Each structure stands twice: as structure tokens, then as C-alpha cells.
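Asker: First to last, the sequence lines map onto chains Y and Z.
Numbered according to the numbering used here, the first sequence spans residues 14 to 173.
Numbered according to the numbering used here, the second sequence spans residues 14 to 173.
By construction, the Cβ of each residue, glycine as well, lies at the ideal position given by its N, Cα and C atoms.
Just so it is clear, the structure is predicted and the values come from calculations on it, not from any experiment.
2 protein chains.
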Amino acid sequence: MTTKMEFSLDQIDYQILRIMQENARTNNADIARELGMAPSAILERVKKLEQKQVILQYNAKINPDALDQKLLSFIFIKAQDPIGTQKVGLLLAKIPEVQEVHDIAGDDGYLIKVRTNDASGLVDLMRNSLGKIEEIISTRTTIVLETVKEEQKLVIPTED
Amino acid sequence: MTTKMEFSLDQIDYQILRIMQENARTNNADIARELGMAPSAILERVKKLEQKQVILQYNAKINPDALDQKLLSFIFIKAQDPIGTQKVGLLLAKIPEVQEVHDIAGDDGYLIKVRTNDASGLVDLMRNSLGKIEEIISTRTTIVLETVKEEQKLVIPTED
DNA sequence: AATATTATAAGAATATTATTCTGTATATAT
DNA sequence: ATATATACAGAATAATATTCTTATAATATT
Chain Y
14 MTTKMEFSLD QIDYQILRIM QENARTNNAD IARELGMAPS AILERVKKLE
64 QKQVILQYNA KINPDALDQK LLSFIFIKAQ DPIGTQKVGL LLAKIPEVQE
114 VHDIAGDDGY LIKVRTNDAS GLVDLMRNSL GKIEEIISTR TTIVLETVKE
164 EQKLVIPTED
Chain Z
14 MTTKMEFSLD QIDYQILRIM QENARTNNAD IARELGMAPS AILERVKKLE
64 QKQVILQYNA KINPDALDQK LLSFIFIKAQ DPIGTQKVGL LLAKIPEVQE
114 VHDIAGDDGY LIKVRTNDAS GLVDLMRNSL GKIEEIISTR TTIVLETVKE
164 EQKLVIPTED
């Protein structure tokens, strides 16, 4: 059951989103100055954007190296979910090292993104966490050698 | 040339990171209260974490649906980079719809993550953007039906 | 061991922001 | 035409951010 949602954003909202996307800690006063509006007006809009779930959350992007998490991997997982469920997906989502879980087309499968200290951490995870999920039929792991870009910025429409 | 870096974080830093990871807009005063410290002390630490590049940036996570970006895809790209370079990777990184570019092991390839309006947007991107990169030998596209989890939270060490 | 040196944090003072409230204008609906 | 809702400015106040000074502890130096 998907909840039907109407967002209805105007150019000012887009500008706010653009600023927030660049730096989520930009303060109200600065946004107001940049857009030539009153802080109270910006505050109202930001709160509305949060309420409408246009802005979902504010994250700090932490350097994985600083926490010694040097290995990034993608794992394709073939699984036999009970029809119409995502049992495996939900189990995968619970694993802290798993940053993303996507249900993908074809192959009854999932694609997950995993961050571990190193190769041995990955092996542990596959043995201890994935190994416990019986519905998993097979996995195929892709190791990332180097990340060239990693953002979640969306392309924000500009006025025609 | 990778710059050698020493981070050296203590438990208080970890706690700050934990809070920031949950909500990057948590204000200094609140963090201070939560950790039972003076705001000025927290401010110093946060600034240091930024300087040391432990905190890389603050992002607002925007709902892709709100911007009508309903299709998420992963594309494996086989390419013939000039040896020792990432020419293709850098070109891929410039495409706004491309959120991630990873250089992956084996296959001389990249894995990219792409967000577009819909299937036709994806086709356009492949034709207009990827099509222009001559070094690309082949691509294999995986469509995401549904995303179960999508975060970039790291596992933060706890005191032993 | 004594003395610098450095790093860390508290606390107070001040600058800046966030937030609330009121009034007004504009758009939308009835 | 009148009511209703929405968006915004501007002012007042509450709360935070930021800077500075001082104290303390940890580390290094002689």
C-alpha cells in the first residue's frame, strides 16, 4: 500500500532544496539572505518541506577511512522470498554494515551495498549475517577498488 | 598520490558522530546537553572533525519522488581506460544524474548509480551521455524495483 | 624532577539566529 | 462579492553560536 502524496513545490522551494543539498547546516538567516526573504518565511517553508516528507533527513557524511572502513562492496543476492514479500530484504536491511538494499528486476534478487573494515570483515559478514538467512540461494560479490563519486544529490528542476 | 592522514578520535568524538549521523542539524547546545559538556567544547570538536575531514559534509536527504525521480538504476560499464587513468570514471562523474561512480575489480569496469525520471530518462542518458564516451565497450543495466534501505550511516565503534 | 608546552574544557560575555506572533496582501474558493 | 486559506514581512523575544579568558590535565623537554 503506497500512500498517495502531493508535493507541489515552487521555485523558492527548489532553491531551498538546492541550498540544503549543498550544505544541510546552512542556517535560516543565511538562506533568507540568499533568497531575499524574511527568515520567518524560510522557516515556515523548511518545516513544511519536512512535514511533506520532501526533506527526509539531514545526514553528516563521515569519512569511512576515519572509522577504518576501507572496503566497499556490492553484493548481488539471489533469494527465494515468499511470494509478494520482502522477507529477505528486510533481514538484509537490519545488518548495520549494509547501507543499501535494493530489490532488483529479474533474477529474484537484491543488490546490497556493504561497508566493512577489510576483506576479513566482509567474509565475517557473509558467514555470520548472510549465512543465517536461509532463503538466500547464491551471492555474487563485487569489490570496489576506488570510489570516484559518491553523492545523493538529486537533479533539481530549474524554471523553464 | 594519497595523502596520509591521522584521525585519532576518542569516545566523545564518536558520540558526536553518532548524533550527527542521526541528525546533522542537531545544534551545539543539544549535543552539549546530551554529552554533559559545555557548548564551546563541542563547537571546538566539531570544527576539528570538519578540519580533519572526518566529517566531509552535511547533506539533506531529499525524497526522489518529490522531484519526480522515480527510477533508480545501477549500470555496469566495461571500458578501456588509458592504463593507470580513470578517464572514463571522471567523465561519468560529471553526469548530474549519476550519483555514484565506483571503479570495480575485474572486468576493467565501473559500477554507477543513476537516478532518472523514468525509463525514457534512462534511455536518454545512455544515448546522450554514455553514448558520447568512446572508451565504453559495453554496459549492463540493473533496474531497481524497490529500495528497502538507503543510508550512508557507518558503524561507529563503541568503547571496549 | 621541574618546567615548558599543548590540548581540552568550563564559564561568561556578546553576536547571531531561531521562533513566535501579528498584520497585511494575495490568491482561491464559495 | 464575500469568505477562507496561504504566504510573507517585520518586530519582539527566546535560544544558540561564537569568542575569549582562565583553569586543568596531559605530554614533552631539559
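I'd like to know whether the C-beta atoms of Ser142 (chain Y) and Ile108 (chain Y) end up nearer to each other than 8 Å.
Answerer: yes
Asker: Can you tell me where the alpha helix (DSSP H) holding Gln34 (chain Y) begins and where it ends?
Answerer: Gln24 to Glu35
Asker: Taking 8 Å as the cut-off, decide whether the C-beta atoms of Ile55 (chain Z) and Leu48 (chain Z) are in contact.
Answerer: yes
Asker: Select from the region 85 to 108 of chain Z all residues with a C-beta closer than 8 Å to any C-beta belonging to chain Y, and list them in chain order.
Answerer: For the region 85 to 108 of chain Z, which is checked against every Cβ of chain Y, the residues closer than 8 Å are Leu85, Phe87, Gln99, Gly102, Leu103, Leu105 and Ala106.
Asker: Apart from the five residues on each side of it in sequence, which residues of its chain come closer than 7 Å, Cβ to Cβ, to Phe89 (chain Z)?
Answerer: Excluding sequence neighbours, Phe89 (chain Z) sits near Gly122, Leu124, Thr152 and Arg153.
Asker: Can you list, in chain order, the residues of its chain with a C-beta nearer than 7 Å to that of Ile146 (chain Y)? Leave out the 5 residues immediately preceding and following it.
Answerer: Only Val101 and Leu104 meet the Cβ criterion.
Asker: Taking Cβ-Cβ distances below 7 Å as the criterion, which residues of the region 116 to 147 of chain Y are in contact with chain Z?
Answerer: Asp116, Ile117, Ala118, Leu124 and Arg128
Asker: Interface residues of chain Z around Thr160 (chain Y) at Cβ under 8 Å?
Answerer: Against chain Z, a Cβ distance below 8 Å from Thr160 (chain Y) picks out Glu113, Val114, His115 and Asp116.
Asker: With DSSP collapsed to three states, give me the class of Lys65 (chain Y).
Answerer: coil
Asker: Report the partner residues of Arg46 (chain Z) according to the DSSP bridge assignment.
Answerer: Partner(s): none; Arg46 (chain Z) has no beta bridge.
Asker: Please confirm whether Gln165 (chain Z) has its beta-carbon closer than 8 Å to some beta-carbon of chain Y.
Answerer: yes
Asker: To the nearest angstrom, how far is it from the Cα of Glu148 (chain Z) to the Cα of Gln24 (chain Z)?
Answerer: 47 Å
Asker: Please classify Asn72 (chain Y) as buried or exposed, where buried requires at least 16 neighbouring CB atoms within 10 angstroms.
Answerer: buried
Asker: Is there a Cβ of chain Z sitting closer than 8 Å to that of Thr152 (chain Y), yes or no?
Answerer: no
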